[in-house]
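First residue of the sequence shown? That's 1 in our numbering, and the numbers climb one at a time after it. Glycine included, C-beta positions come from ideal geometry on N, C-alpha and C. Working notes, beginning with the structure itself.
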Amino acid sequence: ILDLKWNYDTTTGEFVENVNDVEIQMPGNVIMFSSCQERQLSSDFYVDYQNQGILSYEFIKCVRQNPKISLANLLKQLQTGMGESQTPQLLCNSKIDVNKPFLS
Numbered sequence: 001i002l003d004l005k006w007n008y009d010t011t012t013g014e015f016v017e018n019v020n021d022v023e024i025q026m027p028g029n030v031i032m033f034s035s036c037q038e039r040q041l042s043s044d045f046y047v048d049y050q051n052q053g054i055l056s057y058e059f060i061k062c063v064r065q066n067p068k069i070s071l072a073n074l075l076k077q078l079q080t081g082m083g084e085s086q087t088p089q090l091l092c093n094s095k096i097d098v099n100k101p102f103l104s
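Structure follows, in structure tokens:
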């Protein structure tokens, strides 16, 4: 959607700078969850008698179970819940505190 500058790496707990063709200046913080890495294919799955995106399904499930979950823990939960075929990503336009609660 956007060429966001920073990608949060759950293995190191640090932000990795993305190499983008164009840097877009944006006011405020932009945070995006992507369902997979750029080289992966985002896919749907069948649950509750309908096809739906696995990221949306897991995201809603995690936030409902723990509304005060941190962004870092939410990403880890998404990675666990989505399995190995897709690796969800947390991207943003500036480094943020990923230990703050997602909902406050």
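With 16 other Cβ atoms within 10 Å as the buried cut-off, status of residue i
{"i": "Q65", "result": "exposed"}
{"i": "Y49", "result": "exposed"}
{"i": "Q52", "result": "exposed"}
{"i": "I60", "result": "exposed"}
{"i": "L41", "result": "exposed"}
{"i": "I24", "result": "exposed"}
Whether residue i touches residue j by CB criterion (7 Å)
{"i": "V30", "j": "N99", "result": "no"}
{"i": "P88", "j": "L103", "result": "no"}
{"i": "N20", "j": "D44", "result": "no"}
{"i": "E35", "j": "Q86", "result": "The question names Glu, yet the displayed sequence has Ser at residue 35. Yes, the Cβ-Cβ distance between S35 and Q86 is below 7 Å."}
{"i": "L74", "j": "C62", "result": "yes"}
{"i": "E58", "j": "M32", "result": "no"}
{"i": "K68", "j": "P27", "result": "no"}
Residues bridged to residue i (per DSSP)
{"i": "N7", "result": "V16 and L91"}
{"i": "F33", "result": "L90"}
Residue i in three-state terms, based on DSSP
{"i": "N51", "result": "strand"}
{"i": "I96", "result": "coil"}
{"i": "S70", "result": "strand"}
{"i": "F45", "result": "strand"}
Pairing CB atoms from the region 3 to 16 with CB atoms from the region 79 to 96, are three or more of them under 8 Å?
yes
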